[in-house]
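Working notes, beginning with the structure itself.
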Amino acid sequence: MKVALSVKEIWSFMNGVLCVYKPRDISLASLKKRIVNQIVEEGNTYDDSMDTIPMIEMPIVEPHPETEALLVVGTRRQLDYRRHPLMCGKAFRAEDIMIEQITELEPASSGICAFAIGSECYKLDDLRHQAWINTYRMIGKFGEQTDKHYIRGKIIERAQYEHVTRHKLQKLLTRLRAQYKRASFELAEVDIKSQAAFELARKGVPRPRILDSPVVYNASINNFHTPFFGLTIQVTGETDYFLRAFIHELGLSLGTVACTKQLRRIRMDVLGKDHALLDKELNLTNIIRNILLCNKALELAKEEKKEPVIKVKKLNEMESNTIVEAYKPVAEDDETEEDCLRIPWGREYTKV
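With the sequence shown counted from 1, adding 615 to any position gets you our numbering.
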(Lines of atoms letter the chains of each structure in order from A and count residues from 1; the text may use other names and numbers.)
(Lines give C-alpha, C1' and ligand atoms only; values in the text may rest on other atoms or scores of the structure.)
Protein backbone atom coordinates (compact mmCIF):
# COMPACT_ATOMS: atom_id res chain seq x y z
CA MET A 1 0.00 0.00 0.00
CA LYS A 2 1.51 3.31 -1.12
CA VAL A 3 0.70 6.47 0.83
CA ALA A 4 0.76 10.02 -0.52
CA LEU A 5 4.00 11.36 0.95
CA SER A 6 6.83 13.45 -0.35
CA VAL A 7 10.49 12.55 0.02
CA LYS A 8 10.95 15.36 2.55
CA GLU A 9 8.09 14.05 4.69
CA ILE A 10 9.46 10.51 4.61
CA TRP A 11 12.86 11.72 5.80
CA SER A 12 11.19 13.65 8.64
CA PHE A 13 9.54 10.42 9.84
CA MET A 14 12.84 8.52 9.89
CA ASN A 15 13.68 9.64 13.43
CA GLY A 16 12.78 7.53 16.43
CA VAL A 17 12.64 3.93 17.62
CA LEU A 18 11.66 0.98 15.43
CA CYS A 19 10.53 -2.34 16.93
CA VAL A 20 10.97 -5.51 14.86
CA TYR A 21 10.65 -9.22 15.67
CA LYS A 22 13.91 -11.03 14.86
CA PRO A 23 13.55 -14.64 13.74
CA ARG A 24 15.98 -17.30 14.82
CA ASP A 25 19.28 -17.78 12.92
CA ILE A 26 19.29 -14.18 11.64
CA SER A 27 21.88 -11.71 12.92
CA LEU A 28 21.08 -8.13 13.86
CA ALA A 29 23.44 -6.92 11.12
CA SER A 30 21.49 -8.73 8.40
CA LEU A 31 18.18 -7.54 9.88
CA LYS A 32 19.38 -3.92 9.84
CA LYS A 33 20.52 -4.34 6.25
CA ARG A 34 17.10 -5.70 5.32
CA ILE A 35 15.35 -2.71 6.93
CA VAL A 36 17.64 -0.18 5.24
CA ASN A 37 17.26 -1.81 1.83
CA GLN A 38 13.48 -1.80 2.19
CA ILE A 39 13.46 1.91 3.06
CA VAL A 40 15.78 2.76 0.17
CA GLU A 41 13.95 0.63 -2.37
CA GLU A 42 10.45 1.89 -1.55
CA GLY A 43 11.53 5.43 -0.67
CA ASN A 44 13.04 6.01 -4.10
CA THR A 45 9.69 5.22 -5.70
CA TYR A 46 8.44 8.49 -4.18
CA ASP A 47 11.29 10.47 -5.74
CA ASP A 48 9.92 12.45 -8.69
CA SER A 49 13.02 14.61 -9.12
CA MET A 50 13.61 13.18 -12.60
CA ASP A 51 10.26 14.55 -13.72
CA THR A 52 10.51 17.88 -11.91
CA ILE A 53 14.04 19.14 -12.56
CA PRO A 54 13.85 22.93 -12.02
CA MET A 55 14.72 25.41 -14.76
CA ILE A 56 17.13 28.28 -14.17
CA GLU A 57 18.20 31.38 -16.09
CA MET A 58 21.79 31.02 -17.25
CA PRO A 59 23.69 34.08 -18.55
CA ILE A 60 25.05 34.03 -22.09
CA VAL A 61 28.65 35.24 -22.01
CA GLU A 62 30.53 36.30 -25.16
CA PRO A 63 33.86 38.10 -25.65
CA HIS A 64 33.90 41.71 -26.82
CA PRO A 65 34.93 41.86 -30.50
CA GLU A 66 37.67 44.43 -29.83
CA THR A 67 38.79 44.13 -26.18
CA GLU A 68 38.07 40.41 -25.80
CA ALA A 69 36.49 41.15 -22.42
CA LEU A 70 33.74 38.76 -21.36
CA LEU A 71 30.31 40.34 -21.47
CA VAL A 72 26.83 39.08 -20.57
CA VAL A 73 24.79 39.50 -23.70
CA GLY A 74 21.61 37.73 -22.57
CA THR A 75 20.10 34.78 -20.69
CA ARG A 76 18.68 31.42 -21.59
CA ARG A 77 16.57 28.91 -19.67
CA GLN A 78 18.01 25.47 -19.07
CA LEU A 79 17.80 22.57 -16.62
CA ASP A 80 19.44 23.02 -13.23
CA TYR A 81 21.93 20.19 -13.44
CA ARG A 82 22.83 20.65 -9.78
CA ARG A 83 19.45 19.06 -8.99
CA HIS A 84 19.68 16.34 -11.62
CA PRO A 85 19.50 12.78 -10.17
CA LEU A 86 22.55 11.74 -12.18
CA MET A 87 24.49 14.55 -10.48
CA CYS A 88 23.22 14.54 -6.88
CA GLY A 89 22.12 10.89 -6.67
CA LYS A 90 18.84 9.36 -5.58
CA ALA A 91 16.79 10.65 -2.67
CA PHE A 92 17.47 7.59 -0.49
CA ARG A 93 20.84 5.89 -0.18
CA ALA A 94 21.78 3.14 2.25
CA GLU A 95 24.77 5.03 3.66
CA ASP A 96 22.56 8.01 4.56
CA ILE A 97 20.26 6.03 6.88
CA MET A 98 21.52 5.70 10.46
CA ILE A 99 20.24 2.66 12.36
CA GLU A 100 21.64 1.07 15.53
CA GLN A 101 20.32 -1.62 17.86
CA ILE A 102 19.50 -0.55 21.42
CA THR A 103 20.31 -3.94 22.96
CA GLU A 104 22.13 -6.94 21.55
CA LEU A 105 20.55 -10.26 20.64
CA GLU A 106 22.61 -13.15 19.31
CA PRO A 107 21.69 -14.94 16.06
CA ALA A 108 20.66 -18.14 17.89
CA SER A 109 18.13 -16.14 19.93
CA SER A 110 14.88 -14.68 18.69
CA GLY A 111 12.38 -12.09 19.79
CA ILE A 112 11.71 -8.38 19.91
CA CYS A 113 14.49 -5.98 18.90
CA ALA A 114 14.46 -2.19 19.13
CA PHE A 115 16.47 0.01 16.77
CA ALA A 116 17.28 3.70 16.95
CA ILE A 117 16.82 5.38 13.56
CA GLY A 118 18.02 8.78 12.38
CA SER A 119 18.68 11.43 15.02
CA GLU A 120 17.63 8.96 17.73
CA CYS A 121 21.05 7.30 17.28
CA TYR A 122 22.61 10.33 19.01
CA LYS A 123 20.46 9.52 22.08
CA LEU A 124 21.49 5.87 22.13
CA ASP A 125 23.36 6.13 25.43
CA ASP A 126 20.36 7.75 27.10
CA LEU A 127 18.10 4.93 25.90
CA ARG A 128 20.50 2.27 27.14
CA HIS A 129 20.80 3.94 30.55
CA GLN A 130 17.07 3.83 31.28
CA ALA A 131 17.28 0.35 32.86
CA TRP A 132 14.65 -1.26 30.66
CA ILE A 133 13.00 -4.39 32.05
CA ASN A 134 13.06 -7.09 29.39
CA THR A 135 10.98 -10.26 29.48
CA TYR A 136 12.26 -13.57 28.13
CA ARG A 137 10.77 -16.98 27.52
CA MET A 138 13.43 -19.66 27.88
CA ILE A 139 13.47 -23.42 27.44
CA GLY A 140 16.17 -25.39 29.25
CA LYS A 141 17.17 -29.01 29.48
CA PHE A 142 18.52 -30.78 32.55
CA GLY A 143 21.30 -33.33 32.30
CA GLU A 144 23.37 -31.67 29.54
CA GLN A 145 26.02 -28.95 29.49
CA THR A 146 27.18 -27.31 26.26
CA ASP A 147 30.44 -25.60 25.41
CA LYS A 148 30.34 -21.98 26.68
CA HIS A 149 26.59 -22.50 27.32
CA TYR A 150 25.82 -22.02 23.62
CA ILE A 151 22.30 -22.94 22.54
CA ARG A 152 23.68 -25.15 19.77
CA GLY A 153 27.03 -25.82 21.37
CA LYS A 154 28.77 -29.15 21.65
CA ILE A 155 27.67 -31.25 24.64
CA ILE A 156 30.67 -31.52 26.96
CA GLU A 157 29.07 -33.07 30.06
CA ARG A 158 26.09 -35.21 31.00
CA ALA A 159 24.61 -35.80 34.45
CA GLN A 160 21.67 -37.47 36.17
CA TYR A 161 18.55 -35.33 36.52
CA GLU A 162 15.84 -37.74 37.73
CA HIS A 163 15.97 -36.28 41.26
CA VAL A 164 14.95 -32.79 40.04
CA THR A 165 11.28 -31.95 40.60
CA ARG A 166 9.12 -28.94 39.86
CA HIS A 167 8.85 -28.19 43.57
CA LYS A 168 12.64 -28.06 43.98
CA LEU A 169 12.98 -25.73 40.99
CA GLN A 170 10.22 -23.49 42.34
CA LYS A 171 11.91 -23.24 45.74
CA LEU A 172 15.21 -22.34 44.07
CA LEU A 173 13.60 -19.58 41.98
CA THR A 174 11.90 -18.15 45.08
CA ARG A 175 15.24 -18.00 46.88
CA LEU A 176 16.92 -16.38 43.87
CA ARG A 177 14.22 -13.70 43.66
CA ALA A 178 14.85 -12.79 47.29
CA GLN A 179 18.61 -12.59 46.71
CA TYR A 180 18.23 -10.40 43.62
CA LYS A 181 15.78 -8.15 45.45
CA ARG A 182 18.39 -7.58 48.12
CA ALA A 183 21.00 -6.92 45.43
CA SER A 184 18.69 -4.39 43.75
CA PHE A 185 18.89 -2.15 46.83
CA GLU A 186 22.69 -2.30 46.72
CA LEU A 187 22.71 -1.40 43.01
CA ALA A 188 20.34 1.48 43.77
CA GLU A 189 22.91 2.67 46.35
CA VAL A 190 20.40 2.47 49.20
CA ASP A 191 21.15 1.08 52.66
CA ILE A 192 18.81 -1.87 53.08
CA LYS A 193 18.42 -1.10 56.81
CA SER A 194 17.46 2.55 56.29
CA GLN A 195 14.05 4.21 56.22
CA ALA A 196 14.59 5.10 52.55
CA ALA A 197 14.89 1.41 51.72
CA PHE A 198 11.63 0.72 53.56
CA GLU A 199 9.81 3.46 51.64
CA LEU A 200 11.14 2.13 48.33
CA ALA A 201 10.13 -1.43 49.20
CA ARG A 202 6.58 -0.24 49.92
CA LYS A 203 6.24 1.17 46.38
CA GLY A 204 8.06 -1.51 44.40
CA VAL A 205 11.54 -2.58 43.37
CA PRO A 206 14.27 0.13 43.35
CA ARG A 207 15.55 1.21 39.95
CA PRO A 208 19.29 0.39 39.65
CA ARG A 209 21.75 3.27 39.36
CA ILE A 210 24.74 1.06 38.61
CA LEU A 211 24.13 0.21 34.99
CA ASP A 212 25.02 -3.01 33.13
CA SER A 213 24.51 -5.01 36.32
CA PRO A 214 22.00 -7.82 35.72
CA VAL A 215 19.06 -7.90 38.12
CA VAL A 216 16.36 -10.59 37.89
CA TYR A 217 13.05 -9.14 39.07
CA ASN A 218 10.90 -12.17 38.45
CA ALA A 219 11.36 -15.78 37.37
CA SER A 220 8.47 -18.21 37.04
CA ILE A 221 7.95 -21.71 35.64
CA ASN A 222 5.87 -22.05 32.49
CA ASN A 223 6.08 -25.81 32.11
CA PHE A 224 8.05 -28.68 33.58
CA HIS A 225 8.43 -31.97 31.72
CA THR A 226 11.80 -33.44 32.59
CA PRO A 227 14.36 -33.10 31.24
CA PHE A 228 12.85 -29.97 29.63
CA PHE A 229 11.52 -26.95 31.51
CA GLY A 230 10.30 -23.48 30.52
CA LEU A 231 10.83 -20.19 32.37
CA THR A 232 9.62 -16.61 32.07
CA ILE A 233 12.27 -14.16 33.29
CA GLN A 234 12.00 -10.40 33.80
CA VAL A 235 15.47 -8.89 33.98
CA THR A 236 17.45 -5.71 33.36
CA GLY A 237 21.08 -5.18 32.39
CA GLU A 238 21.28 -8.67 30.92
CA THR A 239 23.15 -10.24 28.04
CA ASP A 240 22.50 -13.47 26.18
CA TYR A 241 25.46 -15.07 27.92
CA PHE A 242 24.11 -14.09 31.36
CA LEU A 243 20.75 -15.73 30.60
CA ARG A 244 22.37 -18.92 29.31
CA ALA A 245 24.66 -19.02 32.34
CA PHE A 246 21.61 -18.44 34.56
CA ILE A 247 20.07 -21.68 33.27
CA HIS A 248 23.39 -23.47 33.83
CA GLU A 249 23.59 -22.22 37.42
CA LEU A 250 20.06 -23.45 38.08
CA GLY A 251 21.17 -26.92 37.09
CA LEU A 252 24.26 -26.80 39.31
CA SER A 253 22.19 -25.61 42.28
CA LEU A 254 19.87 -28.60 41.81
CA GLY A 255 22.71 -31.12 41.74
CA THR A 256 22.89 -31.59 37.98
CA VAL A 257 23.73 -29.57 34.87
CA ALA A 258 21.47 -27.69 32.45
CA CYS A 259 21.70 -25.95 29.10
CA THR A 260 19.56 -23.50 27.14
CA LYS A 261 17.59 -24.84 24.19
CA GLN A 262 15.61 -21.73 23.27
CA LEU A 263 15.87 -18.05 24.17
CA ARG A 264 13.13 -15.67 23.06
CA ARG A 265 12.61 -12.06 24.10
CA ILE A 266 8.91 -11.26 24.27
CA ARG A 267 9.07 -7.74 25.67
CA MET A 268 11.41 -4.74 25.89
CA ASP A 269 10.11 -2.49 28.67
CA VAL A 270 7.00 -0.81 27.20
CA LEU A 271 7.47 -2.41 23.78
CA GLY A 272 5.65 -5.72 23.49
CA LYS A 273 4.76 -8.21 20.81
CA ASP A 274 1.94 -5.97 19.56
CA HIS A 275 4.47 -3.22 18.83
CA ALA A 276 6.83 -5.41 16.79
CA LEU A 277 6.79 -5.77 13.02
CA LEU A 278 7.07 -9.25 11.57
CA ASP A 279 9.38 -10.05 8.69
CA LYS A 280 6.48 -10.13 6.20
CA GLU A 281 5.27 -6.70 7.40
CA LEU A 282 8.52 -4.87 6.64
CA ASN A 283 7.55 -2.18 4.16
CA LEU A 284 7.94 1.59 4.17
CA THR A 285 4.37 2.31 5.28
CA ASN A 286 4.51 -0.06 8.24
CA ILE A 287 8.00 1.13 9.21
CA ILE A 288 6.78 4.73 9.42
CA ARG A 289 3.68 3.74 11.41
CA ASN A 290 5.78 1.62 13.76
CA ILE A 291 8.21 4.48 14.43
CA LEU A 292 5.26 6.73 15.32
CA LEU A 293 3.82 4.00 17.56
CA CYS A 294 7.08 3.36 19.44
CA ASN A 295 7.80 7.07 19.86
CA LYS A 296 4.33 7.56 21.35
CA ALA A 297 4.71 4.58 23.69
CA LEU A 298 8.13 5.75 24.92
CA GLU A 299 6.85 9.29 25.39
CA LEU A 300 3.98 8.08 27.57
CA ALA A 301 6.41 6.02 29.66
CA LYS A 302 8.73 8.95 30.42
CA GLU A 303 6.84 9.97 33.55
CA GLU A 304 7.09 6.45 34.95
CA LYS A 305 10.86 6.44 34.33
CA LYS A 306 11.28 9.40 36.67
CA GLU A 307 10.14 7.34 39.66
CA PRO A 308 12.92 5.69 41.72
CA VAL A 309 11.05 2.37 41.76
CA ILE A 310 10.12 -0.21 39.14
CA LYS A 311 6.65 -1.68 39.19
CA VAL A 312 6.60 -5.09 37.56
CA LYS A 313 3.28 -5.39 35.73
CA LYS A 314 1.50 -8.35 34.27
CA LEU A 315 1.84 -8.80 30.54
CA ASN A 316 -1.88 -8.57 29.83
CA GLU A 317 -2.12 -5.37 31.88
CA MET A 318 0.70 -3.74 29.92
CA GLU A 319 -0.74 -4.78 26.57
CA SER A 320 -4.16 -3.36 27.46
CA ASN A 321 -2.66 0.08 28.07
CA THR A 322 -1.00 0.40 24.65
CA ILE A 323 -2.05 2.51 21.69
CA VAL A 324 -1.42 -0.19 19.15
CA GLU A 325 -4.76 -0.02 17.39
CA ALA A 326 -4.10 3.43 15.95
CA TYR A 327 -0.76 2.45 14.43
CA LYS A 328 -1.13 -1.26 13.71
CA PRO A 329 0.55 -2.51 10.51
CA VAL A 330 -1.34 -2.11 7.27
CA ALA A 331 -2.04 -5.48 5.68
CA GLU A 332 -1.37 -6.06 2.04
CA ASP A 333 -4.31 -6.20 -0.35
CA ASP A 334 -6.25 -9.36 0.33
CA GLU A 335 -6.04 -11.89 -2.44
CA THR A 336 -9.24 -13.13 -3.96
CA GLU A 337 -10.41 -16.33 -2.36
CA GLU A 338 -10.11 -19.43 -4.48
CA ASP A 339 -13.29 -21.35 -5.13
CA CYS A 340 -12.27 -24.97 -4.60
CA LEU A 341 -15.52 -26.19 -6.18
CA ARG A 342 -14.98 -24.27 -9.38
CA ILE A 343 -13.99 -26.35 -12.43
CA PRO A 344 -12.06 -24.95 -15.42
CA TRP A 345 -14.65 -25.92 -18.01
CA GLY A 346 -17.60 -24.37 -16.13
CA ARG A 347 -20.92 -25.81 -15.13
CA GLU A 348 -24.22 -26.02 -16.93
CA TYR A 349 -27.34 -26.54 -14.89
CA THR A 350 -30.53 -27.92 -16.39
CA LYS A 351 -33.54 -25.85 -15.54
CA VAL A 352 -36.42 -27.86 -14.14
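For each residue, glycine too, the CB sits at the ideal point set by N, CA and C. Small disclaimer: the values here were computed from a predicted structure and weren't measured.
Option in Met753, Asp762, Asp884 with minimal Cα separation from His744: Of the listed residues, the one whose Cα sits closest to His744 is Asp884.
- prompt: Is Ile903 closer than 8 Å to Tyr751 when the C-beta atoms are compared?
  reply: Cβ distance not < 8 Å, so Tyr751 and Ile903 don't count as in contact.
query: Which whole runs of the alpha helix (DSSP H) in the region 856-911 are 4 residues long or more, in chain order?
result: Whole alpha helix (DSSP H) segments, 4+ residues: zero.
message: Would you call the region 729-737 in contact with the region 678-685, where contact means no fewer than 3 C-beta pairs closer than 8 Å?
response: They do not touch, by the three-pair rule.
- prompt: DSSP three-state call for Asn652: helix, strand or coil?
  reply: DSSP places Asn652 in helix when its eight states are reduced to three.
query: Where do the N-terminal and C-terminal ends of the alpha helix (DSSP H) with Cys736 fall, by residue?
result: Cys736 -> no alpha helix (DSSP H), and no H or E assigned at all.
message: Using CA atoms only, rank isn't needed, just tell me which of Glu715, Phe707, Ile625 is closest to Leu633.
response: Residue Glu715 is the option with its Cα nearest to Leu633.
- request: Measure the C-alpha to C-alpha separation of Gln794 and Tyr856 and round it to an integer number of angstroms.
  value: If you take the alpha carbons of Gln794 and Tyr856, they lie about 20 Å apart.
Collapsed DSSP secondary structure at Arg752 in the structure displayed: Strand at Arg752.
- prompt: Between the C-alpha atoms of Thr841 and Gln775, what's the straight-line distance to the nearest angstrom?
  reply: For Thr841 and Gln775, the distance between alpha carbons rounds to 11 Å.
- prompt: What number of angstroms, rounded off, separates the C-alpha of Glu657 from the C-alpha of Asn898?
  reply: Straight-line measurement puts the Cα of Asn898 at about 8 Å from the Cα of Glu657.
- prompt: Does the region 695-707 come close enough to the region 723-731 that 3 or more CB-CB pairs lie under 8 Å?
  reply: With the cut-off at 8 Å, the region 723-731 and the region 695-707 do not touch.
query: From what residue to what residue does the alpha helix (DSSP H) around Glu710 run?
result: From DSSP, Glu710 is part of no alpha helix (DSSP H); its letter is neither H nor E.
- prompt: Can you tell me whether Pro678 is buried or exposed, with buried defined as 16 or more other CB within 10 angstroms of its CB?
  reply: Of the residues assessed, Pro678 falls on the exposed side of the cut-off, its CB having fewer than 16 other CB atoms within 10 angstroms.
task: Just the C-alpha distance for Lys818 and Val655, rounded to the nearest angstrom, thanks.
output: So the alpha carbons of these two residues sit roughly 47 Å apart.
- prompt: To which residues does DSSP link Val805 through a beta bridge?
  reply: Note: Val805 sits in no beta bridge, so no partner.
query: Cβ atoms of Ile748 and Gln970: under 8 Å apart, would you say?
result: Examination of residue 970 is not possible in this model, given that the chain is present from 616 through 967 alone.
- prompt: Met629 bridges to which residues according to DSSP?
  reply: Met629 is not bridged to any residue.
field: Residue of Ala644, Ala798, Glu804, Val688 minimising C-alpha distance to Ile717
entry: The option with the nearest alpha carbon to Ile717 is Ala644.
message: Quick check on Glu914: does DSSP put it in helix, strand or coil?
response: In the structure shown, Glu914 sits in a helix (DSSP, three-state: H, G or I).
- prompt: Just checking, does the region 635-653 make contact with the region 668-675 on the three C-beta pairs under 8 Å criterion?
  reply: No: fewer than three Cβ pairs fall under 8 Å.
message: I need the boundaries of the alpha helix (DSSP H) containing Arg817, first residue and last residue.
response: Element bounds for Arg817: 810-818.
message: Between the alpha carbons of Thr667 and Gln693, how many angstroms are there, rounded?
response: Spanning the two alpha carbons is a distance of roughly 13 Å.
task: Under 8 Å Cβ to Cβ from Ile732, same chain only, skipping five residues before and after it: list those, please.
output: Hits under 8 Å: Met629, Asn630, Gly631, Val632, Leu633, Ile712, Met713, Ile714, Ile906.
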